[in-house]
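Structure first, commentary second.
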Amino acid sequence: MKQLFLLLVTLTTFSSLAQTAKRNEIFQMLIKPAKGSLKMDGKLDEAAWLEAAKVSDFVMCNPTDTLCSNVRTDVRMTYDDKYLYISAECFLKDQSRYVVESLKRDFSFGINDNFLVFIDTFDDKTTGFSFGANAAGAQWDGQMSEGAKVNLNWDNKWESSTSYNKESWIWEAAIPFKSIRYKNNSTRWGINFSRLDLQAKEKSAWAPVPRQFPTASLAYSGVLLWETPPPAPKQNISVIPYVLSGLTSNYETQDPTSFRKQIGGDIKVALSSSMNMDLTINPDFSQVDVDRQQTNLDRFELFYPEKRQFFIENSDLFDGFGTETIRPFFSRRIGLALNTRTGIYEQTPITYGARVSGKLTNDWRIGLLNVQSQRIDDKGVPTQNYSMVALQRKLFARSNIGIFMINKQSFIDTELQRQNGFAEFNRNIGVEYNLASSNNFWTGKIFYYQSISPDAKANNFAHAASLAYKDNNWIMSWKHQWVGDSYNPEVGYVPRVNYTNINPEIGKIYYPKSKISPLFYAQIRLNSLSFWNNSGGLTDNTTYIALEGRMKDQSSFSAFHGYDYVRLLYDFDPTRMGNVPMKKGSEHTWRSVGLGYISSPIKLFTYSMTSRFGGYYGNGYRTGITGELGYRFQPHVGISVALDYNDIWAVEVPVLQADGSTKKIISASEFWIVRPKVDITFTNKLFLTTFFQLNQQTKNMNLNARLQWRYKPASDLFLVYTDNYLPENFHIRNRSIVLKLNYWLNL
């Protein structure tokens, strides 16, 4: 551990010393105040645009990163005392049609012709904001962290408009300075512009980005120079109240239909130009997109991302700690109370919440959180308080070190609450170092966490480290984890404990030299993941070799061959459908192969398929196929149906008989998940999404329909209808309908 930490620091130091200057320093844009008014109508006929700063020489990022772009893009920027203005005229090749998914916000990047801007307001090459649109005018906005990640669940107040003609499509936007965070009196920001044109089969950027990295990489942003500093942040308070009414019926418990009427809201207060406070009172998240159901044949809990708006801004300060399988803080745990006697999570309403997050200085960031949930007497759930403090210090070019403390406090005063397993408190503390070299070739992480509870035992820790290298030809990484058997972060996501694992990987990337080749790139990877319990016994190993590739038309393909070994840690039904479980300690090995293909998004009819064929637990065999078919009536209607099919058969389960003999029971299961979906985007402000999910594994059918009208920027009217049925007889389990109105008011 010590040696790896020293290696991470050494690599960071050398990389930083070798690259002290900004990599794309020569790409500079001087922005001047607007000389006249501007109207966001998708037209560039005002005099202020003619005199605005302009750049147009974009560089291709793929399929090659050494040539000028084949399609022209003109970008202009200016500002006044309230708004930052950006426009982009995206010229088309051979007067081709544009390609878009729909008019829905926060579209998928790779399947839409689009223009995006990435703004590094603190010029720290780590955090920032992104805005943009697809060619039909669907808006995109997100908050950036970790140098290239864009959280599209972030939402704020801004305006844009798009127009289209045979030669080009034009996007212009007005972004209020109140909607972003920046340093007072700053005259230098980082910035880059990205353009994806699927018909031309190229992605380009103003400041060049190596093709192995996304154009969102702030390590490769250019420089935005201000003739005069942007306006000093003034009073910046946003009040976002909501009113809600709804009906809920539970046909399983035969409870009478309940009528909901609720008032609450959020408040955003800019404590400084770079520090924000979020408050929420009596929040409701009924309008949040429904989770996409997944087939779960794993022995451990599945992960679902956070979508609730209150937890989004600067979310990396809270949920950015840890790895995919060791997350000390997971905001979706807030409002869920675990009854340890039944093993069931009880949904508990949130009474209030407060968050303070942002930059103290250019090198220091802080995050504070406090949320209180309600008590439920009849279920024995106490009032619970969740709090967290996180402090992060930038090191070298783009690396950082962070510390945190998380506290979950339960106010227990009844015997029922104690019987249900609620402890008085659960705490988690930790320190973490994140490596990000200035050229983004080297990345890594090392951390140590410890949980604290009233019945704290030894081995209540988690440690992990990783180091990865990626350039134009090679991928190499090393990861290891060590988690004690008593590590228990109740506000985190840690699906398993009591293990040590190692995970090395090596891969080779191939970019064809021929310009006429339809292949963009292909890579082959060898990966091995092994787990041992903390007594030294091997419990798991997955080793596979995979081939992956992408074509210039954005279609992609994959194939793999894998080997698995599992020694069960507890009794486990590998079908997760109530069949006879495999016994703890039994050993299982198998081999499997798989193929995958995703069609080009250029066509109106699209399809994808991934498959897995091979062995399974108990000398069984599993066939797994996931596919999706879609057709779009561009840009207003998208129809798709996704299918997950699993056939598990000939699984041998040894069962001990009364006479001491062993009998092998052969079990099998076949089940589907079917997910038809209809997206209707009447305009880029009025959306209807209908999502149906049939899950034979969980024996549930779900229907969710959501109508959203964005009647003003960041202000919405939602109508949400939800049904759950039993699939075998279509009996209704529960039903609800909710009407919700919120309004974003800047004071």
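When you read off a place in the sequence shown, starting at 1, and then add 1099, the result is the number in the numbering used here. The beta-carbon is built from N, C-alpha and C at its ideal position, and this holds for glycine as well. Just so we're clear, the structure is a prediction, and the values are computed from it rather than from any experiment.
Cβ-based burial, residue i [other Cβ within 10 Å; buried from 16]
| i | result |
| --- | --- |
| F1235 | Looking at the sequence itself, residue 1235 is Ala, so the reference to Phe does not match. It is buried - the Cβ of A1235 has at least 16 other Cβ atoms within 10 Å. |
| Q1102 | Bear in mind that a pLDDT of 48 at Q1102, under 50, signals an unreliable position, so the model cannot answer this. |
| L1846 | exposed |
| Q1491 | buried |
| P1481 | buried |
| E1827 | exposed |
| T1327 | exposed |
| I1336 | exposed |
| L1116 | For L1116, the pLDDT reaches just 41, beneath the cut-off of 50, and the residue's location in the model is therefore unreliable, leaving the point undetermined. |
| S1188 | The sequence given here has Glu at residue 1188, not Ser. Buried, because 16 or more other Cβ atoms sit within 10 Å of the Cβ of E1188. |
| N1514 | Note that residue 1514 corresponds to Glu in the displayed sequence, not to Asn. It counts as exposed. |
| R1497 | buried |
| G1421 | buried |
| T1286 | exposed |
| C1160 | buried |
| I1697 | buried |
| A1557 | exposed |
| F1781 | exposed |
| S1768 | buried |
Residue i, enclosing beta strand (DSSP E) - first and last residue
| i | result |
| --- | --- |
| D1296 | R1287 to D1296 |
| E1827 | Note, E1827: premise wrong, no beta strand (DSSP E); not H, not E. |
| D1173 | T1172 to Y1178 |
| R1649 | L1637 to M1650 |
| L1847 | Any answer about residue 1847 is impossible in this case: the structure gives the chain only from 1100 up to 1846. |
| L1183 | Y1182 to F1190 |
| E1301 | E1301 to A1304 |
| Y1485 | T1482 to L1494 |
| N1161 | V1158 to N1161 |
| S1348 | I1336 to N1349 |
| W1268 | S1267 to P1275 |
| G1364 | D1354 to S1371 |
| Y1532 | F1524 to A1535 |
| S1509 | S1498 to F1510 |
| D1219 | N1213 to D1219 |
| I1210 | No beta strand (DSSP E) holds I1210; DSSP gives it neither H nor E. |
| K1839 | I1831 to N1841 |
| S1244 | Q1238 to S1244 |
Of the residues the options, the one placed nearest residue i, counting alpha carbons only
| i | options | result |
| --- | --- | --- |
| N1085 | K1277, Q1361 and L1566 | Residue 1085 falls outside the range modelled here, since the chain spans only 1100 to 1846, and no answer is possible. |
| N1823 | I1836, K1811 and M1800 | M1800 |
| N1587 | G1289, A1561, G1719 and W1573 | A1561 |
| D1377 | Q1392, L1396, F1384 and Q1408 | Q1408 |
| E1145 | T1177, K1121, T1172 and P1162 | T1177 |
| F1190 | S1357, R1171 and Q1393 | R1171 |
| K1607 | N1572, N1469, A1535 and P1355 | N1572 |
| D1179 | G1141, P1132 and Q1194 | P1132 |
| I1500 | G1419, Q1508 and C1160 | G1419 |
| V1791 | W1748, D1388 and H1660 | Looking at the sequence itself, residue 1791 is Phe, so the reference to Val does not match. Of the candidates W1748, D1388 and H1660, the one whose C-alpha sits nearest the C-alpha of F1791 is D1388. |
| W1771 | K1763, L1324, E1400 and T1722 | T1722 |
| V1530 | I1505, A1331 and N1718 | I1505 |
| F1399 | T1797, L1668, L1742 and L1728 | L1668 |
| F1384 | K1544, L1401 and Q1361 | Q1361 |
| G1345 | F1817, A1331 and S1739 | F1817 |
| G1364 | R1432, G1421 and I1449 | I1449 |
| T1441 | Q1516, A1453 and R1474 | Q1516 |
| A1232 | S1186, T1788, R1196 and F1221 | S1186 |
| F1524 | S1486, L1149, Q1807 and S1155 | S1486 |
CB-CB length for residue i against residue j, believed under 8 Å
| i | j | result |
| --- | --- | --- |
| N1169 | K1192 | 7 Å |
| N1783 | A1237 | 5 Å |
| A1489 | G1466 | 4 Å |
| M1708 | G1726 | 4 Å |
| E1245 | D1462 | 16 Å between Cβ atoms; not a contact. |
| A1804 | W1843 | Actually they do not touch by this definition, with Cβ atoms about 24 Å apart. |
| D1663 | T1688 | 7 Å |
| E1751 | G1714 | With a Cβ gap of about 12 Å, E1751 and G1714 do not count as contacting. |
| N1375 | G1241 | Not quite, the Cβ-Cβ distance comes to about 16 Å (not below 8 Å), so this is no contact. |
Start-to-end residues for the alpha helix (DSSP H) that takes in residue i
| i | result |
| --- | --- |
| L1149 | A1146 to L1149 |
| R1731 | Run containing R1731: none in the alpha helix (DSSP H); it sits in the beta strand (DSSP E), G1719 to F1732. |
| R1517 | E1514 to Q1518 |
Margin query: Runs of 3 residues minimum, wholly inside the region 1405 to 1465: which ones carry the beta strand (DSSP E) assignment?
Written below: You should have 1435 to 1438, 1443 to 1446 and 1449 to 1458.
Checklist line | Start-end ranges of the alpha helix (DSSP H) lying completely within the region 1653 to 1714, minimum 4 residues | finding: Whole alpha helix (DSSP H) segments, 4+ residues: zero.
Item checked: 3-residue-minimum beta strand (DSSP E) runs that sit fully inside the region 1548 to 1622, ordered along the chain -> Complete beta strand (DSSP E) runs here, min 3: 1560 to 1569, 1573 to 1582 and 1598 to 1609.
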